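**Q** Take this structure, written in structure tokens, and hold onto it; I'll ask about it next.
Residue numbers (our numbering): 98 to 198.
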């Protein structure tokens, strides 16, 4: 999300937590894309879910099929760890005090 007063981008983990429903490939992809990360700073956090999606391709199941139990166990663990993203704030602008010729 964008904080326009401070002109920075931060991750609202409440949006991610209310997204907990039947875990399908489509839902996991939706959750990953709710994290705004234009510079890739939060990649370590999103990589876990992206790898989960990648592994799910080996199952040869549909987008809306509920993932097996071992996949289901990984998601709540990731959700608990994602709270650390609340402390990450990314400045949207680069302020240069002096411009040298």
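Glycine residues also receive a C-beta, built at the ideal position from the N, C-alpha and C atoms.
Keep in mind it's a predicted model, so treat the numbers as computed, not measured.
Helix, strand or coil for residue 162 per DSSP?
**A** coil
**Q** Near residue 149, what residues of its chain come up, given a Cβ to Cβ distance below 7 Å and the 5 sequence neighbours on each side ignored?
**A** 125, 168, 171
**Q** Sorted by chain position, which residues of the same chain lie with C-beta nearer than 6 Å to residue 160's C-beta, five sequence neighbours on each side aside?
**A** 122, 123
**Q** What do you get for residue 120, buried or exposed, if any count of 16 or more other CB atoms within 10 angstroms of its CB means buried?
**A** buried
**Q** Since residue 146 and residue 163 are thought to touch, with beta carbons under 8 Å apart, how far apart are those beta carbons, to the nearest angstrom?
**A** Residue 146 to residue 163, Cβ: 16 Å. No contact.
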